[in-house]
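Notes to accompany the following structure.
Protein chains in written order, with the UniProt record's numbering: chain A, 1 to 813; chain U, 1 to 311; chain P, 1 to 110.
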């Protein structure tokens with residue numbers, strides 16, 4: 001058996017009530033809906049963005065025609081209800097009567113209009129519904145139009161911001177000392193005012209309107225102090241009053257609003273009321289949350305379920321794009337109340353919490369509202385906050401150990417379908433699957449899923465998934481910071497030095513937040529290298545950031561003596577050079593003279609203080625440092641090539657010498673050894689070098705990434721080129737690419753394993769890129785290709801290698 | 001619905017260039033069927049100041065280039081072969097450091113309407129720095145003769161609030177400041193973005209989309225500011241429009257806004273990496289659209305927003 | 001105390017070191033800041049590495065041979081390494097480095 005329900009007013013409260021009712025008891029009611037506005041229910045709290053143009057009306061419609069039709073609701077939109085005949089239980093509309101068994105009044109509220117002279121002039125608009133909104137939009141279309149908004153509350157300010165966005169000159173008049181005084185304290189009100197003023201809105205607080213001036217329509221607003229503000233549009237937004245007239249005329253009990261009990265029933269048991277028109281236990285309502293609660297209670301009452309409406313704490317937000325404010329509860333000063341205030345002027349952040357009896361009773365936030373709902377929850381629940389009093393203002397992240405700040409926890413919390421590797425479209429679930437299937441390392445995951453196999457941006461993330469899945473069985477490898485001085489990895493630091501143009505060590509320490517004053521033996525040499533590799537002209541190499549071998553330009557031996565290795569270009573020497581070496585070995589009592597694997601001669605056991613002298617002697621014979629100690633080019637080993645060898649296909653020795661002359665002196669992430677073999681028989685062992693060139697009849701095969709140390713690795717083919725010049729260009733470009741991208745102390749083969757040969761080939765394959773790399777290398781060489789022996793074989797330098805003082809000669813007393 | 005998907009789009013190609021040292025390299029892009037142009041792009045790189053992307057980097061603001069012949073554009077031949085005639089390069093700076101340059105390329109013809117505009121500050125007003133308008137010539141003229149104080153209009157609003165903003169119904173009865181002309185040009189939706197410059201100033205980029213040749217069929221604005229999302233990180237969807245799904249915002253008094261974590265999906269990748277995306281979209285990531293562009297917006301060194309558009 | 005003048009502070013590079021020969025063995029002077037110098041034994045107790053050749057960072061030095069790190073204020077090795085180097089009082093006066101001769105003598109006696 002269906003009963004007749006009539007609803008007067010299609011607003012948000014009644015709309016929600018109808019939703020509940022038609023969802024739970026779809027066939028019990030025959031419903032008629034009256035609305036004075038010629039349209040159905042829309043989300044009124046979103047009118048402000050419609051005013052500003054940031055939403056369209058279509059988007060805020062909550063119930064369209066189809067919705068009413070589906071539910072069989074008879075809509076009488078645009079029809080005013082003239083009266084309610086409670087005796088006959090009929091509602092009398094303009095176009096006829098409708099009988100009811102139950103009636104819901106949802107007549108909403110009317111804007112409060114200040115009864116000053118001129119308040120009824122055309123151009124004075126209250127801000128309540130879509131028609132008001134459209135009228136304002138219409139008014140804003142006039143070029144250079146001016147608006148005065150009376151009322152600096154929620155609605156007034158949203159109107160002001162919207163009109164401003166529409167292009168109007170806007171002034172807000174507010175009677176109280178600060179904006180939104182019911183929701184904000186003075187400090188937050190001040191910040192809000194500054195924010196609005198920065199949008200070109202004029203705000204006058206303490207402004208009392210005396211009169212609205214105009215002949216046929218509004219022309220100006222005159223204040224009590226005599227100020228006259230020209231206006232083409234005046235918006236009244238000073239408050240609302242429950243619309244009680246119909247209820248009152250029908251003989252229902254009313255006060256400020258229509259009196260209802262906890263079940264939303266008025267003084268007539270067949271008439272309910274919800275929304276802004278009601279008065280419940282002395283309170284009236286303007287915000288949406290309690291309206292929805294009322295709607296639910298009303299629907300339950302109609303269905304016959306016992307339900308009670310309870311007033312709750314409310315929170316407020318202002319819908320002005322770019323303004324973040326949040327207010328909840330009670331924040332007036334009072335005895336027994338204490339404040340916790342946090343300010344960050346630079347960020348425009350203000351937060352204030354009000355505590356009474358160990359409970360949070362109010363919160364105001366401006367500029368940072370992220371924790372608003374959490375505070376609101378504490379207020380609503382009346383939770384005892386004494387335990388977290390000290391850190392309360394910092395929000396939930398600081399409570400209970402801050403587990404949310406742990407990146408691993410964040411990764412662990414990701415859903416299985418979260419995409420981890422964008423390049424290859426690999427989601428977390430797939431990686432977890434791989435791990436559960438036995439993958440225990442990044443390499444395993446890469447091999448089985450392709451995750452992080454392309455650009456590598458997600459490497460850290462894949463490792464976190466590994467860590468989160470395997471727990472203690474997984475040791476994070478590459479996301480390791482360089483050292484204890486920083487949380488950044490080598491890759492981070494390299495990237496940041498380039499990206500943020502950090503050109504000095506202090507800039508790195510400061511800008512990247514180093515925790516030590518000037519790094520340590522781990523990070524400082526790396527940073528020194530990165531700086532000099534990226535900024536050869538701007539940054540000067542710092543000897544104090546180099547390991548002793550590079551500072552002393554000689555290899556320290558385990559007894560504290562040094563070894564000295566002169567350069568022999570491509571392994572070629574002369575009798576004069578050999579004679580000079582022999583002389584030096586004798587003169588400085590060099591205990592061991594050894595031929596190295598890199599085709600040169602090593603003098604081992606030279607005393608530190610003799611170094612400048614022996615360098616000077618060798619220099620005089622035309623020998624320069626072999627950099628046998630440096631992270632740089634060591635040797636270019638060659639075979640004799642076409643000059644002497646019957647198998648030789650090219651002048652391998654000549655190419656080796658050219659390469660060595662071009663590349664010597666450059667600093668690289670780690671040492672670089674090269675070789676050039678004149679034919680595929682490969683006498684110079686080119687295939688296990690960092691760069692190895694094998695000459696063939698048709699040109700030169702360049703291989704890279706070989707190793708013959710703790711790891712033994714054959715080179716991978718980089719490219720084959722036809723001419724010697726190309727071979728040199730490719731080699732130089734490769735070295736420069738390694739200089740610019742390699743991690744400090746990664747040999748080329750390790751670097752290649754990270755970036756992948758294809759990337760290197762692709763990068764160097766571009767002629768322009770290659771030329772640019774060569775140009776940057778040459779630029780760097782213009783600074784760094786200097787023989788350190790020549791530089792240090794001076795009396796000046798010699799002095800720094802000697803003790804500062806010798807106290808053994810002085811008397812002990 | 002399918003018919004809608006097949007309509008011509010305003011932007012033909014979107015691509016992302018990332019700095020490596022002092023060179024910009026292609027990190028990704030959506031070239032549609034223009035394989036040859038894609039190939040040419042992959043082979044190219046730009047030094048700072050070189051070509052369009054390098055220029056955007058060097059000047060620290062978006063650059064509009066109309067007509068490639070005789071310009072500094074490096075891929076003129078390939079672009080010509082692909083029918084591309086104009087381009088806009090948008091640099092993404094985090095503080096002073098360049099994260100990437102997003103380049104969109106358009107093909108001129110009489111039916112293509114839309115606008116990509118760059119507004120910069122001069123004497124306290126936003127003036128049109130440059131813009132690409134396709135066939136919307138009158139609107140172009142109007143725009144050249146319009147300026148915006150802080151808080152006014154889409155550019156002025158974005159400028160004042162520092163927040164990406166999506167405007168609806170540009171040309172209808174609603175009074176978009178240039179509404180009359182916008183309406184005649186068929187412009188419907190405007191996306192305004194603050195584009196921070198390395199020197200600290202902000203300029204504003206606006207994408208004005210027309211129904212017939214839309215810049216996008218779906219727009220999203222994600223707020224990633226700590227002041228909004230708190231210590232949980234990630235981002236929340238604060239506004240959006242979609243031809244298929246309708247409005248994408250939620251009334252947050254009723255419903256939690258959509259949220260993504262860093263690295264979760266396409267938006268998450270932008271959040272995590274700080275680098276824009278432009279790529280052919282998978283079914284899931286693209287919400288049914290074929291391509292997506294997602295652009296991070298920084299405030300100082302911190303990522304504040306991600307805007308995405310789908311076509 | 002008897003203060004012995006060892007030389008000008010600018011003869012020691014910042015974040016660097018120089019040695020002084022004494023009858024107690026080599027003492028290293030570490031310049032940790034523009035106006036800050038420490039004196040300590042030059043010899044690492046681990047394998048005898050010359051500490052003056054190590055990298056000076058903060059108020060610490062790292063041995064060039066095996067990366068033991070010593071706190072120059074206390075002489076103690078850091079972290080898991082167990083060892084100590086002798087330290088000597090120094091002071092700066094008018095840009096000159098002065099070392100406490102008595103302490104050096106004690107060092108020799110000990």
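The C-beta atom is built at its ideal place from N, Cα and C for all residues, glycine as well.
Reduced DSSP category for residue 836(A) - H, G, I as helix; E, B as strand; rest coil: The first residue shown for chain A is 1 and the last is 813, placing residue 836(A) beyond what the model contains.
Shorter than 8 Å from the beta carbon of residue 6(P) to some beta carbon of chain A? By this cut-off, residue 6(P) is an interface position.
Can you pull out the residues from the region 34–45 of chain A whose beta carbon lies closer than 9 Å to at least one beta carbon of chain U? Flagged, chain order: 43, 45.
On a Cα-Cα basis, can you pick out the residue from 682(A), 746(A), 566(A), 297(A) that is closest to residue 20(A)? Ranking 682(A), 746(A), 566(A), 297(A) by CA distance to the CA of residue 20(A) puts 297(A) first.
Under 8 Å between C-beta atoms, does residue 96(U) make it to chain A? At least one chain A Cβ lies under 8 Å of residue 96(U).
CB of residue 418(A) within 8 Å of CB of residue 261(U), strictly: Yes, the pair counts as a contact, with Cβ atoms nearer than the cut-off.
Label residue 544(A) either buried or exposed according to how many other C-beta atoms from any shown protein chain fall within 10 Å of its C-beta, with 16 as the threshold for buried. Counting Cβ neighbours within 10 Å, residue 544(A) comes out buried, since at least 16 surround it.
Please compile the residues from chain A whose C-beta is within a distance smaller than 7 Å of the C-beta of residue 57(P). What residue 57(P) touches in chain A: 516, 518, 519, 520, 521, 524.
With H, G and I counted as helix, E and B as strand and the rest as coil, what does DSSP make of residue 209(A)? DSSP, read as helix, strand or coil, puts residue 209(A) in strand.
Measuring only between beta-carbons, confirm whether residue 70(A) sits less than 8 Å from chain U. Residue 70(A) does not count as touching chain U.
Give a yes or no on whether the minimum CB-CB distance between residue 227(U) and chain A is below 8 Å. Judged by the 8 Å Cβ criterion, residue 227(U) is in contact with chain A.
Measure the CB-CB distance between residue 111(A) and residue 126(A) and report whether it falls below 8 Å. Yes, they are a contact pair.
Which of helix, strand or coil DSSP assigns to residue 326(A): The three-state secondary structure of residue 326(A), taken from DSSP, is strand.
Quick check on residue 263(A): does DSSP put it in helix, strand or coil? Assigned with DSSP and collapsed to three states, residue 263(A) falls in coil, not helix or strand.
The region 229–244 of chain U in contact with the region 146–158 of chain U per 3-pair CB rule at 8 Å: They do not touch, by the three-pair rule.
Could you give the DSSP three-state label for residue 780(A): helix, strand or coil? In the three-state DSSP reduction, residue 780(A) falls in the helix class (H, G or I).
Would you say residue 414(A) lies against chain U (beta-carbon separation less than 8 Å)? Residue 414(A) counts as touching chain U.
Give a yes or no on whether the minimum CB-CB distance between residue 173(A) and chain U is below 8 Å. Taking Cβ atoms only, chain U never reaches closer than 8 Å to residue 173(A), which makes this a no.
Check whether the Cβ atoms of residue 630(A) and residue 550(A) sit closer than 8 Å, and answer yes or no. Yes.
Using DSSP with H/G/I as helix, E/B as strand and the rest coil, what is residue 46(A)? In this structure, residue 46(A) counts as helix in the three-state DSSP scheme.
Alpha carbons only, please: which of 93(A), 337(A), 192(A) is nearest the one belonging to residue 82(A)? Comparing C-alpha distances from residue 82(A) to each of 93(A), 337(A), 192(A) shows the shortest one belongs to 93(A).
Have a look at residue 64(A) and residue 303(U) and give me their C-alpha separation to the nearest angstrom. Rounded to whole angstroms, residue 64(A) and residue 303(U) show a C-alpha spacing of 39 Å.
Is it a yes or a no for the region 609–625 of chain A touching the region 786–794 of chain A, going by three-plus beta-carbon pairs under 8 Å? Contact between the region 609–625 of chain A and the region 786–794 of chain A is present, because at least three Cβ pairs lie under 8 Å.
Check the DSSP bridge columns for residue 817(A) and list the partner residues they point to. The shown model of chain A, from 1 to 813, leaves out residue 817(A), and the question about it has no answer.
Would you report the Cα separation of residue 15(U) and residue 56(U), rounded to the nearest angstrom? The straight-line gap from Cα to Cα measures roughly 14 Å.
Neighbourhood of residue 275(U) by C-beta distance below 8 Å, restricted to the same chain and skipping five residues each side: Non-local beta-carbon contacts of residue 275(U) in its own chain, meaning distances under 8 Å to residues more than five positions away in sequence, involve 16, 18, 27, 92, 99, 100, 296 in chain order.
In the DSSP assignment, what residue or residues form a beta bridge with residue 98(A)? Answer is 91(A).
Closer than 7 Å by beta-carbon distance: list the chain A residues that pair up with residue 149(U), in chain order. Residues of chain A with a Cβ closer than 7 Å to the Cβ of residue 149(U) are, in chain order, 200.
For a test of the three-state rule: what should DSSP assign to residue 388(A), helix, strand or coil? Note: residue 388(A) maps to helix in three-state DSSP.
So, is residue 443(A) buried or exposed, given that buried needs 16 or more other C-beta atoms within 10 angstroms? That one is exposed.
If the cut is a Cβ gap below 7 Å, which residues of chain A does residue 282(U) touch? Correct list: 425.
Less than 8 Å between the beta carbons of residue 637(A) and residue 675(A), yes or no? Less than 8 Å divides the Cβ of residue 637(A) from the Cβ of residue 675(A).
Check this for me: beta carbons of residue 259(A) and residue 267(A), under 8 Å apart or not? For residue 259(A) and residue 267(A), yes; Cβs fall inside 8 Å.
Kindly indicate which three-state DSSP category residue 201(A) falls into: helix, strand or coil? If DSSP states are grouped into helix, strand and coil, residue 201(A) belongs with coil.
Does residue 777(A) come within less than 8 Å of chain P when only Cβ atoms are used? No, because no Cβ of chain P sits closer than 8 Å to the Cβ of residue 777(A).
Since residue 703(A) is in the beta strand (DSSP E), which residue starts that stretch and which ends it? 699–704 is the extent of the beta strand (DSSP E) around residue 703(A).
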